[in-house]
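These notes are about the structure you will find just below.
In this note's numbering, the protein residues as written are 27 to 82.
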């Protein structure tokens, strides 16, 4: 439950940053989730990759 609150807080805190930083935020979150939920970490990495392909 604490992890959920932390993710929500990170989401709102990072919403003020530039869009190009979104991929870095997703990758950092994926790294943090890798030991807990490998599938979710992979989904976050795929989302970061998709975001980079859109903005490039």
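Glycine is no exception: its CB is placed at the ideal position from the N, C-alpha and C atoms. Predicted, not measured: the structure shown is a model, and the values here were computed from it.
Between which two residues does the alpha helix (DSSP H) harbouring residue i extend?
i	result
residue 74	64-81
residue 61	Taken as a continuous stretch (DSSP letters only), residue 61 belongs to no alpha helix (DSSP H), as it is neither H nor E.
What's the gap between the Cα of residue i and the Cα of residue j?
i	j	result
residue 29	residue 48	20 Å
residue 34	residue 55	12 Å
residue 81	residue 75	10 Å
Can you find the residues in the same chain that come closer than 8 Å, C-beta to C-beta, to residue i, ignoring five residues on each side of it along the sequence?
i	result
residue 70	52, 53, 55, 56, 59
Here's a check: name, in chain order, each residue in its chain whose Cβ is nearer than 7 Å to the Cβ of residue i, leaving out the five neighbours to either side.
i	result
residue 67	56, 59, 60
residue 62	none
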